[in-house]
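Asker: Protein chains in written order, with the numbering used here: chain A, 15 to 290; chain B, 60 to 474.
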């Protein structure tokens, strides 16, 4: 199909507009993070002199580094558990007939739209009573309850795409149900597993509400919550620039993850399984 | 290797629909059995019940002397080639073929490599062993699927329309390849197809199914020459058998265009004035001018106007329209619908010598070999002229041939 010049120009203009809308705040944060001292009041977009000072401040602060450790640890644990459980659950949902199957999916969807803030206060009370308050586990559990349904949903869609014959072929070839699942279905669902893992990781990594309500110390506080407690170089200045630097630092792993697995997510691995 | 015995197999779905209805069929050790029929006749369902991917509602499935109704597919020791091949896309060709062996912990790595190599040699896949299925052509994928099936010592091979995704030329080649492989390995094979060329060329015996019911199980030759009913007669043969209205009149039979003696074998099964349906295959006609004198005596001559001719180089078909009464027309339309085709008009398709210069829209003189004509009861479809003695002879011949082949291939060729 040949696209006329005008429509092409229209598309390019539209694309630039959308990209600009999305990227200007990001560049603004990056620019802020490089402004040293009082330079943030310089009334211009870019810093007068580019400096690493804020990054040094951020990494020198215990608050940030322990929070970073908490965030990484909890995100990885929550993602791993969630993906493993979701893979099994999604397989059952897409392949087996059992009563209440629709209910399971419906409830899963309902949970994902349930407002997080509504359960934050009850959880706060409950966790304080049973001693889960301000612990990793105390955060991982609510993270799982929100990320698991999402992961199940994503993976169920992927499993449905895998032709039944794959599994039947494996069974005829002598595989048990578990072998067929592990040696054929899971490898074929890899793009789905990665997608689910990344979505879960993002959701957990970016969480603020649970992070701020269910923690009171550095023992379990994740980065987004910790940023709120950030103090600048002196008690009397707003730590805007260091917070910007910290925000940039926590964004980097997310960007790297997406770039790394972009292909994995997009690639349809079932290519060539059946007559294309 | 094992014999497969099915006794009164039924597959009934939740809504009461019987996809397979009371089928009993025994497949001898080493036999190549074809299941054939129009779409929806239950042939694939039956195959899937043999392999265990479909539950059996009632009846007994016996493989190699063991009742396997409740056994999981993996415990039946069968291998299957799926219609869409179902290759594992994340594995190389080597690993695809090795997959069934890898599931068995007892097979050593050396053994796996040797067996895969042998299978790949047989199927000429050696140069593709490191490639992924996505990078193979349709024919190559098909061969990989076969490699995966033959790499183990199994009781039987099952094929579910394996060639239907290939183009015509490749299909012909693979057909011979499958036949050669089966003859060489002597493994019991059940092969589902809707293509009658495959059915006729591959099978020792062919089972024709219709709406879940077994119509006839016989050698291809017997199906062609002594069909039990109109359905089998119409299904086997291409172009299909011509069906013409025929009225009994004394000891004569009146057909459109010609009148013949009533065949002796059917004489006491019909009454005077009864309407029958006569079946004559296109190849039992000829342009009267191109006829050998020797043949002339066996049949009858008639004149008719040709509507269209199709010249194919090696053969030629002429189409002769005729009028039939409403009852016969409806019968033929129903039959055609069931055979996945459409009867647009009542016409005679005759195969004539390719050298014949018969012209369209002109009258020509034709000859029909009326000794090979069949007569069917229009209501039940039963063949009134089936020669049981001739059929039995054909069956014996086929059995002898199979036994002979099994004896010569009894020194096992390891797959």
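Where a beta carbon is used, it is the ideal one built from N, C-alpha and C, also for glycine. The structure presented is a predicted model; accordingly, all values stated were derived computationally and were not measured.
Would you mind sorting residue 114/B into buried or exposed? The rule is 16 or more other CB atoms within 10 Å of its CB.
Answerer: So residue 114/B counts as exposed.
Asker: Could you list the residues in the segment 195-227 of chain A with a C-beta less than 7 Å from some C-beta on chain B, going in chain order?
Answerer: From the segment 195-227 of chain A, only 198, 201 and 202 have a Cβ closer than 7 Å to chain B.
Asker: Sort out for me which residues DSSP pairs residue 335/B with in a bridge.
Answerer: DSSP output for residue 335/B lists 305/B as bridge partner(s).
Asker: Is any beta-carbon of chain B found at less than 9 Å from that of residue 34/A?
Answerer: It does not: the Cβ of residue 34/A has no partner Cβ on chain B nearer than 9 Å.
Asker: Below 9 Å between beta carbons: does that hold for residue 153/A and residue 228/A?
Answerer: Taking 9 Å as the Cβ cut-off, residue 153/A and residue 228/A qualify as a contacting pair.
Asker: Within a Cβ cutoff of 7 Å, which residues of the same chain sit near residue 97/A, ignoring the five residues on either side of it in sequence?
Answerer: The answer, listed in chain order, is 165, 207, 210, 211 and 214.
Asker: Could you pull out every residue in the same chain whose Cβ sits closer than 8 Å to the Cβ of residue 98/B, ignoring the five residues on either side in sequence?
Answerer: Within the same chain, residue 98/B has close Cβ partners 253 and 399.
Asker: Helix, strand or coil: which one does DSSP assign to residue 118/B?
Answerer: Residue 118/B falls in the strand class under three-state DSSP.
Asker: Taking the runs of the alpha helix (DSSP H) that are 4 residues or longer, which of them lie wholly in the segment 333-417 of chain B?
Answerer: Those alpha helix (DSSP H) runs which fall completely within the segment 333-417 of chain B and span 4+ residues are 352-355 and 385-397.
Asker: Name the residue from 125/B, 274/B and 466/B whose alpha carbon lies nearest to the alpha carbon of residue 95/B.
Answerer: Of the listed residues, the one whose Cα sits closest to residue 95/B is 274/B.
Asker: Out of curiosity, what's the CA-to-CA distance linking residue 91/A and residue 67/B?
Answerer: Their Cα atoms are separated by approximately 56 Å.
Asker: Tell me which residue opens and which closes the beta strand (DSSP E) that residue 216/B is part of.
Answerer: Residue 216/B -> beta strand (DSSP E) spans 215-219.
Asker: So residue 69/A is in the alpha helix (DSSP H); what residue range does that whole segment cover?
Answerer: Counting along the chain, the alpha helix (DSSP H) containing residue 69/A begins and ends at 67-74.
Asker: What residues from chain B crowd round residue 188/A, counting only those whose CB sits closer than 7 Å?
Answerer: Chain B residues near residue 188/A: 133, 159, 162 and 163.
Asker: According to DSSP, is residue 171/B part of a helix, a strand, or is it coil?
Answerer: If DSSP states are grouped into helix, strand and coil, residue 171/B belongs with the helices.
Asker: For residue 460/B, I'd like the list of residues in its chain whose CB is within less than 8 Å of its CB, leaving aside the five on either flank, ordered along the chain.
Answerer: Once the five neighbours on either side are set aside, the close Cβ partners of residue 460/B are 263.
Asker: Tell me whether residue 377/B is buried or exposed, calling it buried when 16 or more other Cβ atoms sit within 10 Å of its Cβ.
Answerer: Buried, since its Cβ has 16 or more Cβ neighbours within 10 Å.
Asker: Helix, strand or coil for residue 241/B per DSSP?
Answerer: The answer is helix: DSSP assigns residue 241/B an H, G or I state.
Asker: Would residue 72/A and residue 263/A qualify as a contact pair, given that the criterion is a beta-carbon distance under 9 Å?
Answerer: Taking 9 Å as the Cβ cut-off, residue 72/A and residue 263/A qualify as a contacting pair.
Asker: Specify, as a first and last residue, the run of the beta strand (DSSP E) that residue 80/B falls within.
Answerer: 77-86 is the extent of the beta strand (DSSP E) around residue 80/B.
Asker: What three-state label does DSSP hand residue 250/B in the structure shown?
Answerer: Strand, per DSSP.
Asker: Between residue 302/B and residue 336/B, how many whole angstroms is the CB-CB distance? I'm expecting something under 8 Å.
Answerer: At roughly 5 Å, the Cβ-Cβ gap stays under 8 Å, so residue 302/B and residue 336/B are in contact.
Asker: If the cut is a Cβ gap below 8 Å, which residues of chain A does residue 110/B touch?
Answerer: Within 8 Å Cβ-Cβ: 186.
Asker: What first and last residue would you give for the beta strand (DSSP E) that runs through residue 423/B?
Answerer: Its beta strand (DSSP E) spans residues 422-427.
Asker: I need the DSSP call for residue 166/B, collapsed to helix, strand or coil.
Answerer: The answer is coil: DSSP assigns residue 166/B none of H, G, I, E or B.
Asker: Note down, in chain order, every chain B residue with its Cβ under 7 Å from the Cβ of residue 179/A.
Answerer: The answer, in chain order, is 141, 143 and 145.
Asker: Tell me, please, whether the segment 224-241 of chain A touches the segment 81-95 of chain A by the rule of three or more beta-carbon pairs shorter than 8 Å.
Answerer: Contact holds: three or more Cβ-Cβ distances are below 8 Å.
Asker: Helix, strand or coil for residue 442/B, going by three-state DSSP, please let me know.
Answerer: Strand, per DSSP.
Asker: Would you report the Cα separation of residue 119/B and residue 111/B, rounded to the nearest angstrom?
Answerer: Cα-Cα distance, rounded: 12 Å.
Asker: Figure out for me which residue from 19/A, 45/A, 31/A and 32/A has the closest Cα to the Cα of residue 255/A.
Answerer: Cα-wise, what sits closest to residue 255/A is 45/A.
Asker: For residue 149/B, decide whether its Cβ has a neighbour in chain A, counting only Cβ atoms nearer than 9 Å.
Answerer: It does: the Cβ of residue 149/B has a partner Cβ on chain A nearer than 9 Å.
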